[in-house]
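Q: Numbered by our numbering, the letters in the sequence shown go through residues 1 to 415 in order.
Idealized CB from N, CA, C, for every residue including glycine.
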Amino acid sequence: MFTKAPRGTKDITPAEVYKWHYVESKIHQVCDVFGYKEIRVPVFEHTELYERGVGDTSDVVQKEMYTFEDKGGRSITLRPEGTAGVVRAYLENNLYAEAAPAKLYYNLSCYRYEKPQAGRLREFHQFGIEAFGSASPQMDAEIISLAKVFFETLKFDNLGIFINSVGCPKCRPAYHEKLIEYFTDYKDKLCSTCLSRLDKNPMRIIDCKNPVCKEIGHKAPMIIDEQCEECNEHFDNVKSLMDAMGISYGIDPTIVRGLDYYTTTVFEIKSDNMVIAGGGRYNHLVEELGGPSIPGIGFGLGLERLIMALESRNLFPQKPSGADLYISSIGDNAAIYAQKLAFELRKEGIRCEKDLVGRSVKAQMKYADKIGARFVIVLGDDEINSGSAKLKNMETGEQTDVTLNDLSSQLKNYL
Ligand SMILES: [Zn+2]
Ligand SMILES: [Zn+2]
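Here's what the structure looks like:
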């Protein structure tokens with residue numbers, strides 16, 4: 001039976017996978033330069049991990065998780081984000097016993113039951129950075145600088161870096177009280193989601209997308225004016241370090257991020273006013289998940305949205321050619337010779353193709369053109385007997401004599 005893919009999923013076809021390879025290669029390249037090591041974690045975890053790690057008042061946990069009971073009766077959830085699983089793996093593999101900080105990155109698929117829209121799928125892909133074991137503002141500055149370099153490597157311009165501080169468990173309770181007091185006066189105007197947030201997580205009201213809530217939220221007391229001396233000092237140090245690196249940034253007191261676990265620094269990166277990455281510090285998450293008291297900081301971004309942003313800005317390099325060389329053959333003898341030649345050349349790392357479906361020479365040439373082969377040679381009995389053939393440059397039409405037993409070294413001159 002032929003069925004369609006579930007709503008909110010998308011195939012990545014061979015025609016577009018080069019874009020993913022391109023972005024992924026930049027991820028590996030930039031993380032390597034900054035000394036971050038890749039970590040790979042399971043697609044599913046015990047549900048409790050996300051309830052505790054993402055925060056059970058968050059939309060993600062309340063509405064969007066793919067949770068099911070497995071055949072052993074355990075409650076299992078497909079990962080809705082990367083951080084919680086990485087923290088779990090960091091603890092389980094005793095990575096905290098190694099020299100701090102642990103600088104990690106991941107590139108993985110995530111699952112959220114959301115209304116699908118452009119750049120937002122139910123199965124999506126997230127690239128993220130996590131660093132554990134440093135409470136220093138220098139760690140914050142490094143993470144933000146990595147994000148900046150990543151986007152610059154992809155040739156984004158009009159980048160905006162916006163930072164904020166969301167306080168700590170010492171100063172946040174008093175701020176929450178103040179916020180609850182402020183928002184209570186607008187109880188009859190707030191949307192229903194915000195009303196339900198009012199007692200548990202009033203800071204989330206500040207980043208509600210509802211225009212009425214937004215207007216009320218923007219006039220609310222802001223945490224950077226209310227946070228404790230320690231948080232202020234941390235924030236000032238982050239700013240000085242950004243200045244020292246010559247990285248310009250704005251301060252946006254309305255950035256609170258979607259998840260409950262952030263402490264002190266939070267940040268967002270925008271391109272042409274669209275948020276393309278966000279993150280922040282979470283000094284108590286590791287402890288919350290049953291580990292020692294170890295500070296952490298990270299950021300994440302959705303690859304679907306990133307790829308859309310790159311497409312709309314024409315920032316992808318040209319699609320790679322389908323082959324360096326197409327070996328066209330006339331007759332059975334030549335087909336066997338072409339098979340052997342292709343094998344030899346491929347062992348040398350030359351990307352070559354030959355006929356596999358019995359096309360006529362004319363149809364083979366058409367096919368070579370269609371796949372974007374850069375060079376073509378045509379082999380018949382004459383060429384095989386004389387050991388030489390004409391190498392045709394498909395772009396210029398130029399033809400060169402080549403010897404068949406030395407083809408790979410001659411080709412390498414042109415490629
Ligand atoms: Zn504080
Ligand atoms: Zn609202």
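1) Is residue 193 close to ligand 2? I mean its beta-carbon at under 7 Å from any heavy atom of the ligand.
2) On a CA-only basis, which of 195, 221, 225 and 191 is nearest residue 211? Give me that one, please.
3) Alpha carbon to alpha carbon, what distance is there between residue 294 and residue 132?
4) Would you decide whether residue 307 is buried or exposed? Buried here means 16 or more other CB atoms lie within 10 Å of its CB.
5) Residues near ligand 1, CB to any non-hydrogen atom under 6 Å, in chain order?
6) Among all the DSSP beta bridges, which residues are the ones paired with residue 213?
7) Three or more beta-carbon pairs under 8 Å between the stretch 137-153 and the stretch 231-242, yes or no?
8) Confirm, please, whether the CB-CB distance from residue 226 to residue 171 is below 8 Å.
9) With DSSP as the reference, please indicate the residues paired to residue 45 in a beta bridge.
10) Do residue 105 and residue 181 have their C-beta atoms closer together than 8 Å?
11) Is residue 343 buried or exposed, if buried means 16 or more other CB atoms sit within 10 Å of its CB?
12) With which residues is residue 326 paired in a DSSP beta bridge?
13) What span of residues does the alpha helix (DSSP H) with residue 308 cover, start to end?
14) Could you spell out where the beta strand (DSSP E) holding residue 399 opens and where it closes?
15) If you measure between the beta carbons of residue 380 and residue 404, is that distance less than 8 Å?
16) Taking only runs that begin and end inside the stretch 125-188, name each unbroken beta strand (DSSP E) of 3 or more residues, in chain order.
17) According to the Cβ coordinates, are residue 250 and residue 266 closer than 8 Å?
18) I'd like to confirm the pairing. Which residues does DSSP put opposite residue 108 in its beta bridges?
19) Could you tell me the boundaries of the alpha helix (DSSP H) in which residue 267 lies?
20) Can you tell me which residues form a DSSP beta bridge with residue 288?
21) Could you give the C-beta distance for residue 329 and residue 335, rounded to a whole number, given that I count them as a contact under 8 Å?
22) Determine, using beta-carbon pairs with one atom in the stretch 193-211 and one in the stretch 153-165, whether at least three such pairs fall under 8 Å.
23) Considering only heavy atoms of ligand 2, does any lie closer than 7 Å to the CB of residue 201?
24) In this structure, does DSSP put residue 53 in helix, strand or coil?
25) Are at least three pairs of beta-carbons, each pair with one atom in the stretch 116-134 and one in the stretch 71-86, less than 8 Å apart?
26) Buried or exposed: where does residue 215 fall if 16 or more other Cβ atoms within 10 Å of its Cβ makes it buried?
27) Give a yes or no on contact between the stretch 45-57 and the stretch 93-102, applying the rule of three or more CB pairs nearer than 8 Å.
28) I want to check one thing, is the minimum distance from the CB of residue 213 to the heavy atoms of ligand 2 below 7 Å?
29) Tell me the DSSP secondary structure of residue 251 in three-state form.
30) Relative to the alpha-carbon of residue 271, which residue among 313, 292 and 299 has its alpha-carbon at the smallest distance?
A: Considering the structure as presented:
1) Checking the Cβ of residue 193 against ligand 2 gives yes.
2) 191 is the residue among 195, 221, 225 and 191 whose C-alpha sits nearest the C-alpha of residue 211.
3) Per the coordinates, the alpha-carbon of residue 132 lies some 7 Å from the alpha-carbon of residue 294.
4) Of the other Cβ atoms in all chains shown, 16 or more fall within 10 Å of the Cβ of residue 307; this residue is therefore buried.
5) With 6 Å as the limit, the residues whose C-beta approaches a heavy atom of ligand 1 more closely than that are 167, 168, 170, 171, 227, 228, 230 and 231, in chain order.
6) None, per the DSSP bridge assignment.
7) Using a C-beta cut-off of 8 Å, the stretch 137-153 makes contact with the stretch 231-242, since at least three inter-stretch Cβ pairs fall below that distance.
8) A contact, by the Cβ cut-off of 8 Å.
9) Answer is 77, bridged to residue 45.
10) Not in contact: residue 105 and residue 181 (Cβ atoms no closer than 8 Å).
11) Under this definition residue 343 is an exposed residue.
12) According to DSSP, which records beta bridges pairwise, residue 326 is partnered with 353 and 376.
13) In the DSSP annotation of this structure, the continuous segment of the alpha helix (DSSP H) that includes residue 308 starts and ends at 303-312.
14) 399-403 is the span of the beta strand (DSSP E), which, as asked, contains residue 399.
15) Between residue 380 and residue 404, the C-beta gap is not smaller than 8 Å, which leaves the two residues out of contact.
16) Considered as a whole, the stretch 125-188 harbours 159-165 as its complete beta strand (DSSP E) runs of no fewer than 3 residues, in chain order.
17) Contact: no.
18) DSSP lists 126 as partners of residue 108.
19) Looking at the DSSP string, residue 267 is not in any alpha helix (DSSP H); the run it does join, the beta strand (DSSP E), is 265-271.
20) Paired residues: none, contrary to the question.
21) Taking C-beta atoms under 8 Å as the contact rule, residue 329 and residue 335 qualify, at a distance of about 5 Å.
22) The stretch 193-211, when compared against the stretch 153-165, does not touch it at the 8 Å Cβ threshold.
23) For ligand 2, no non-hydrogen atom lies closer than 7 Å to the CB of residue 201.
24) DSSP places residue 53 in helix when its eight states are reduced to three.
25) Look at the beta carbons and you see the stretch 116-134 touching the stretch 71-86: at least three pairs across the two are nearer than 8 Å.
26) So residue 215 counts as exposed.
27) No contact exists between the stretch 45-57 and the stretch 93-102.
28) For ligand 2, at least one heavy atom lies less than 7 Å from the Cβ of residue 213.
29) It is a strand residue.
30) Answer by Cα proximity: 313.
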